[in-house]
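Below is one structure; the comments refer to it alone.
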Amino acid sequence: MSGNSTEEGMFDVISTENPAFCSYLICISLLCLKMLGTILLIVIQRIRTKTFISFEDAAWRGGEVKSDENVERPRRAYQNDLETIPLFCIVSLGYLWTRQPLWWINTLFITYLITRTCHTFVYAVYIIRQPARAILWAFGIIILTYMTIHTALIAFIKGYL
2 MSGNSTEEGM FDVISTENPA FCSYLICISL LCLKMLGTIL LIVIQRIRTK TFISFEDAAW
62 RGGEVKSDEN VERPRRAYQN DLETIPLFCI VSLGYLWTRQ PLWWINTLFI TYLITRTCHT
122 FVYAVYIIRQ PARAILWAFG IIILTYMTIH TALIAFIKGY L
């Protein structure tokens with residue numbers, strides 16, 4: 002280390018010595034596993050329903066190229082994950098630099114993880130009518146918005162005031 006306090010501060014945040022960073026790593030790892038589980042569900046449903054998106058897959062597995070709601074629901078749940086989880090990975094990493102209390106970081110991260118997992122479950126596995134899915138989606142978006150605004154404000158205050 003060069004002794005530069007800015008560099009040291011950065012490495013303090015992105016270190017496994019920092020419990021908040023460990024929470025981040027655990028949370029994004031579990032979110033990735035959840036997404037991998039959704040991919041597996043899509044594959045299982047394609048094989049089970051013999052519904053494929055390409056002719057060579059259909060010919061290989063003795064199926065048809067067509068759409069099936071049992072495949073489309075987990076596929077749409079996965080698409081929704083792709084629209085929100087990468088944002089969470091970026092925003093929550095930036096949020097670590099705001100140096101909030103660990104209990105608050107864990108609350109936000111765990112709540113986000115639970116809402117995304119439940120969202121996929123009620124969308125693709127055990128379908129529950131609206132507004133269940135919308136409420137779960139909204140909780141995740143509220144957490145993302147809060148962390149984004151909070152991080153930007155802290156950065157502005159520390160960087161320019």
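Quick note, the sequence shown lines up with residues 2 to 162 if you use this note's numbering.
Think of the CB as a built atom: it goes at the ideal place given N, C-alpha and C, for glycine as much as any other residue.
For residue 110, the enclosing alpha helix (DSSP H) starts and ends at 103-121. Residue 25 is not a Cβ neighbour of residue 114, given a cutoff of 8 Å.
Secondary structure at residue 65: strand, using DSSP grouped into helix, strand and coil. The three-state reading of DSSP puts residue 149 in helix, counting H, G and I together. The three-state reading of DSSP puts residue 52 in strand, counting E and B together. With fewer than 16 neighbouring CB atoms inside 10 Å of its own CB, residue 37 falls in the exposed class.
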